[in-house]
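Taking it in order: structure first as C-alpha cells, then the write-up.
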Amino acid sequence: MTISEASSFVRDAIRKIYDAREAENITHWVLEKITGLNKINLLLKRNRVLTDQEYTSLNDYTTQLLQHRPVQYVLEEAWFCGMPLYVDENVLIPRPETEELVAWIISDAEKNPTGCDKKYRILDIGTGSGCIAIALKKNLPACEVYAIDVSEGALAVARKNAESAQCTIQFLNINILDPRQSGSLPVFDIIVSNPPYVPLKDKEDMNPNVLLFEPHTALFVEDHDPLSFYLAIGSLAKRHLHKNGGIYVEIHESMGESIQPVFASYGLNRITVKKDMQGKDRMAKAVKTD
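For the sequence shown, our numbering gives the first residue as 781, with consecutive numbering after it.
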C-alpha cells in the first residue's frame, strides 16, 4: 500500500464518524505520525510503499478511530500553545479555549513594568496534562510554578510532559475540594484553573469520543452544584493568594454572571469575563482586593 492509498483508506474509513474537513486533518496527522514525514513530504512521496510496521500501525490506528477513540489518544499526542504533549486517558485533551486563557495571563504579565522577568509564583489547579503550567513556565521562565491534581495518573502524564519540555514545576497530589490538603501550599501571585464545569445534563449533547474516553471527573459537575470547584478555588485564593494577585479560570458558557458573586464573597473583585472564539463566555479573571 502506497502513502497515497493509505491516505484514501484512512480518510474514507473515518468519514463514517467525522466530517470531510476533520477527516482530512486526522488522516494527515495519522500519516505524519506513522511515516515521520511532514505534510509536504507526504505529498512528494505519495507513491512510496509503506513498510510492514507502518502498515500495521495504520490498521491499528484506523481501528481505534472507528471506535470513536480521539486521535490524540490514539497517537498519544496533542498540541498546545505550539508544544507537543503526551496525552492518554488519564487526562483531558487540551482545547484551543484553554490556550486563550494562557494567552490572557501572559498578556497581563507582559504589561507589568518588569514584564516576563518578574518572578511570579503561579499555581495551576487541576493540571491534567500539565499544559497550562508548562506553557506558562515556557513563556514566563522566571516564574515558579506549582501544579496540583487529585489524580496520580494525571500527575504522571504532567511530569512526563514537563520533563520533555525541560521545565521545572512542582507537582503535588492535592484534592482542591479538601482544604486540609492544601494548607501547606505557599502564597501565590497568580492562580489559574480549568476545573470541571460541564453540567451532567449536557452529556446527552456531547460526542461519543468525549463521553467514552475522556475522564469524567475532569469534565463534569453535578447539576445541583455546578459552582463547587469555583467555591473551593475561591476559598484557597483567600488563604493562598497575595493581595492584588490574580485568579484566572475557565468557565461554562452559562456561568458568566453566577461566577461573580462567588468570587466576590472571597474578596476577589474587579472581575472580568471574556468570550472565547465562538463568542461564548469562557474565561474569568478576578483580583484579590481584601
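Every residue, glycine too, gets a C-beta built ideally from N, C-alpha and C.
* Roughly how many angstroms lie between the CA atoms of L991 and N1024, to the nearest whole one? -> Taking the straight line joining both Cα atoms gives about 39 Å.
* To do: Go to L952, then tell me how far its beta strand (DSSP E) extends in each direction, as first and last residue.
  => Q950 to N953 is the extent of the beta strand (DSSP E) around L952.
* Can the beta-carbon of I1027 be found less than 8 Å from the beta-carbon of K981? -> No, the Cβ-Cβ distance between I1027 and K981 is not below 8 Å.
* Rounded to whole angstroms, how far is the Cβ of L916 from the Cβ of I885, which I believe are closer than 8 Å? -> Confirmed, Cβ separation roughly 6 Å.
* Hey, G908 and A945: beta-carbon distance below 8 Å or not? -> The Cβ atoms of G908 and A945 do not sit closer than 8 Å to each other.
* Buried or exposed by the 16-neighbour rule on C-beta atoms within 10 Å, applied to K1068 -> Flag for K1068 reads buried.
* Three or more beta-carbon pairs under 8 Å between the segment 839-855 and the segment 805-813, yes or no? -> Because the criterion of three Cβ pairs below 8 Å is met, the segment 839-855 and the segment 805-813 touch.
* Asked: Which value, in whole angstroms, describes the spacing of the CA atoms of I1031 and D888?
  -> Whole-angstrom Cα-Cα distance: 19 Å.
* Asked: CB-CB under 6 Å to K940, same chain, minus the five flanking residues each way: which ones, in chain order?
  -> Cβ neighbours of K940 beyond the five flanking positions: Y866.
* To do: Would you tell me roughly how many angstroms separate the C-alpha atoms of D958 and L846, rounded to the nearest one?
  => Approximately 40 Å between the Cα atoms of the pair.
* Asked: Would you report the Cα separation of G1059 and E877, rounded to the nearest angstrom?
  -> If you draw a straight line from the Cα of G1059 to the Cα of E877, it is about 11 Å long.
* **Sheet register partners of E924 (DSSP bridge)** => According to DSSP, E924 bridges with R901.
* Going straight from the alpha carbon of N989 to that of P850, what length do you get? -> Their Cα atoms are separated by approximately 6 Å.
* For K1060, which of helix, strand or coil comes out of DSSP? -> If DSSP states are grouped into helix, strand and coil, K1060 belongs with coil.
* To do: State yes or no: is the C-beta of I806 within less than 8 Å of the C-beta of I794?
  => Closer than 8 Å, so yes.
* Asked: Whose C-beta lies closer than 6 Å to the C-beta of A936 among residues of the same chain, with five residues either side of it excluded?
  -> Scanning its chain for C-beta atoms nearer than 6 Å, with the 5 sequence neighbours on each side dropped, one finds no residue around A936.
* How far does the beta strand (DSSP E) with S973 in it reach, from first residue to last? -> It spans F968 to S973 - the beta strand (DSSP E) in which S973 sits, taken as one unbroken run.
* Thinking just about the alpha-carbon of each residue, which of E1033, S1034, R1062 and I1013 is nearest to the one in L1048? -> Of E1033, S1034, R1062 and I1013, the residue nearest in Cα terms is I1013.
* Under the three-state DSSP convention, the category L881 falls into -> DSSP places L881 in helix when its eight states are reduced to three.
* To do: Could you pull out every residue in the same chain whose Cβ sits closer than 7 Å to the Cβ of I873, ignoring the five residues on either side in sequence?
  => Beyond the five residues adjoining it in sequence on each side, I873 comes within less than 7 Å, by CB distance, of P850, Q852, A858, V867 and E994 in the same chain, given in chain order.
* How is N1049 classed by DSSP in three states: helix, strand or coil? -> Here DSSP, grouped into helix, strand and coil, assigns N1049 to strand.
* Asked: Does the Cβ-Cβ distance between I970 and Y1010 come in under 8 Å?
  -> Not in contact: I970 and Y1010 (Cβ atoms no closer than 8 Å).
* Please report the Cβ distance between I783 and L830, rounded to the nearest whole angstrom; I am assuming they are in contact, meaning their Cβ atoms lie under 8 Å. => Indeed they touch by this definition, with Cβ atoms about 7 Å apart.
* To do: Look at the alpha carbon of K1054 and the alpha carbon of M1063, and state the distance between them as a whole number of angstroms.
  => Approximately 5 Å, taken between the alpha carbons.
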